[in-house]
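Engineer: Residue numbering for the sequence shown follows our numbering, beginning at 3 and increasing consecutively.
Glycine residues also receive a C-beta, built at the ideal position from the N, C-alpha and C atoms.
All of these numbers come straight from a predicted model, not from anything done at the bench.
Can you keep this structure in mind? I'll have questions shortly.
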Amino acid sequence: MAAIEMSHIVKRYGDGFPAVNDVSLDIADGEFMILVGPSGCGKSTLLRMIVGLEDITSGDMVIGGKRVNDKAPRDRNLSMVFQNYALYPHLSVYENIAFPLRLAKVPDDEVRRKVEESASVLELHEHLQRKPANLSGGQRQRVAMGRAIVREADAFLFDEPLSNLDAKLRGQMRAEIARLQRRLGITTVYVTHDQTEAMTLGDRVCVLKKGVIQQVAAPRELYEQP
Ligand code: ADP
Ligand code: ADP
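Printed below as a string of structure tokens:
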């Protein structure tokens with residue numbers, strides 16, 4: 003059974019041309035799927051429909067065998083990392099990472115154990131009491147990832163998570179995301195327009211154009227043309 007099954011997904015904003023137009027795509031358990039394509043092709047819209055931040059006009063979204071079209075984001079058990087990190091400025095790194103556990107009313111001692119575990123995987127343990135404003139871009143990105151991995155989500159969703167970083171840091175974080183994903187073996191959907199990310203991170207790459215799937219293939223089939 004696929005972890006995420008999309009069939010004939012359509013999204014219309016207002017009465018314009020559909021932003022996502024009859025997309026059917028199965029993402030396997032543990033798979034790293036990349037969504038690529040030019041700006042405006044519908045990548046973010048598709049990701050936002052998976053996570054539940056955008057209503058689906060028609061079609062079926064099935065996650066873990068359950069139809070989730072009408073489920074709120076908090077009932078989908080997915081973790082999303084945004085381009086701008088979406089950290090809470092008034093909260094410490096510790097409380098930012100702990101946030102999904104606080105929402106789920108996890109007991110304090112378990113929160114501490116899980117936050118420390120995530121922080122250690124991401125090398126953030128020395129920064130737990132700092133505020134996001136006092137962190138570098140790469141550290142903020144790690145906090146956002148810490149918040150994503152702190153609970154046992156069914157999938158990670160990334161919306162261009164590295165595009166605000168400089169080239170060197172982007173390379174480091176790319177390696178880190180690859181390592182984390184393999185270590186956790188968690189189903190991942192990752193939006194990018196960066197070909198290097200698509201090539202090095204994905205098990206498969208789904209190419210979108212004007213809301214329609216052009217191709218779904220392993221990176222080497224897409225990028226190593228004769
Ligand atoms: P991408 O992430 O590939 O850049 P988007 O999913 O953001 O593409 O956008 C796909 C299309 O839908 C674009 O034409 C965009 O202008 C339109 N769109 C996205 N969000 C909205 C919205 N909230 N209201 C109206 N149109 C939108
Ligand atoms: P990106 O493609 O990098 O995700 P966009 O500039 O397309 O960024 O979109 C930024 C935000 O504006 C998103 O929340 C998107 O939903 C919204 N948006 C995009 N296009 C439109 C539009 N035509 N009308 C209203 N909101 C839009």
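Can you tell me the Cα-Cα spacing of Val-38 and Ala-21, whole angstroms?
Structural biologist: Rounded to whole angstroms, Val-38 to Ala-21 spans 14 Å at the Cα level.
Engineer: Can Ser-122 and Val-152 be called in contact, C-beta distance under 8 Å?
Structural biologist: No. Outside cutoff.
Engineer: Any heavy atom of ligand 1 closer than 7 Å to the Cβ of Cys-43?
Structural biologist: Yes, the Cβ of Cys-43 comes within 7 Å of a heavy atom of ligand 1.
Engineer: Alpha carbon to alpha carbon, how far is Leu-103 from Ala-200?
Structural biologist: Computed Cα separation, rounded: 31 Å.
Engineer: Only counting the same chain, and skipping five residues up and downstream in sequence, which positions put a Cβ closer than 7 Å to that of Thr-59?
Structural biologist: Excluding positions up to five away in sequence, the list reads Val-12, Lys-13 and Arg-14.
Engineer: With distances taken between CB atoms, is the gap from Asn-79 to Asp-156 smaller than 8 Å?
Structural biologist: Yes, these two residues count as a Cβ contact at 8 Å.
Engineer: Given 7 Å as the limit, tell me if Ser-46 has its C-beta closer than that to any heavy atom belonging to ligand 1.
Structural biologist: Checking the Cβ of Ser-46 against ligand 1 gives yes.
Engineer: What are the boundary residues of the alpha helix (DSSP H) that Glu-33 is part of?
Structural biologist: Careful: Glu-33 lies outside any alpha helix (DSSP H) and carries neither H nor E.
Engineer: Roughly how many angstroms separate the alpha carbons of Cys-205 and Met-35, rounded to a whole number?
Structural biologist: First, the amino acid is wrong: residue 205 is Asp here, not Cys. Going from the Cα of Asp-205 to the Cα of Met-35 covers about 6 Å.
Engineer: Helix or strand or just coil, what does DSSP make of Phe-158?
Structural biologist: Strand at Phe-158.
Engineer: Quick check for students: name the residue ranges of the beta strand (DSSP E) that lie wholly in the region 140–208, counting only runs of 3 or more.
Structural biologist: Runs found: 157–161 and 189–193.
Engineer: Below 8 Å CB to CB, which residues in the same chain sit around Met-3 once its five sequence neighbours on both sides are set aside?
Structural biologist: Around Met-3: Asp-31 and Gly-67.
Engineer: Quick check: what's the CA-CA separation for Ser-26 versus Leu-48?
Structural biologist: About 11 Å.
Engineer: Closest to Val-207 by C-alpha separation, out of Ala-169, Glu-33, His-129 and Ala-135, would be which residue?
Structural biologist: Answer by Cα proximity: Glu-33.
Engineer: Should Ala-21 be listed as close to ligand 1, given that the test is whether its C-beta is under 7 Å from any heavy atom?
Structural biologist: Yes, Cβ of Ala-21 sits closer than 7 Å to a heavy atom of ligand 1.
Engineer: Between Arg-69, Gly-16, Ser-41 and Gly-44, which has its C-alpha nearest Ala-5's C-alpha?
Structural biologist: Per the Cα distances, Arg-69.
Engineer: Run the proximity test for Tyr-87: is its beta-carbon closer than 7 Å to any non-hydrogen atom belonging to ligand 1?
Structural biologist: Checking the Cβ of Tyr-87 against ligand 1 gives no.
Engineer: Check whether the Cβ of Gly-54 lies closer than 7 Å to any heavy atom of ligand 1, and answer yes or no.
Structural biologist: Checking the Cβ of Gly-54 against ligand 1 gives no.
Engineer: Which residue comes first and which comes last in the alpha helix (DSSP H) that contains Glu-119?
Structural biologist: Its alpha helix (DSSP H) spans residues 110–123.
Engineer: Going straight from the alpha carbon of Leu-105 to that of Gln-197, what length do you get?
Structural biologist: Each residue's alpha carbon lies about 36 Å from the other.
Engineer: Which one of Ile-52, Pro-91 and Asp-57 has the shortest CA to CA distance from Met-82?
Structural biologist: Of the listed residues, the one whose Cα sits closest to Met-82 is Ile-52.
Engineer: Have a look at the DSSP bridge pairing and note the partners of Ala-219.
Structural biologist: In DSSP, Ala-219 forms a bridge with Val-207.
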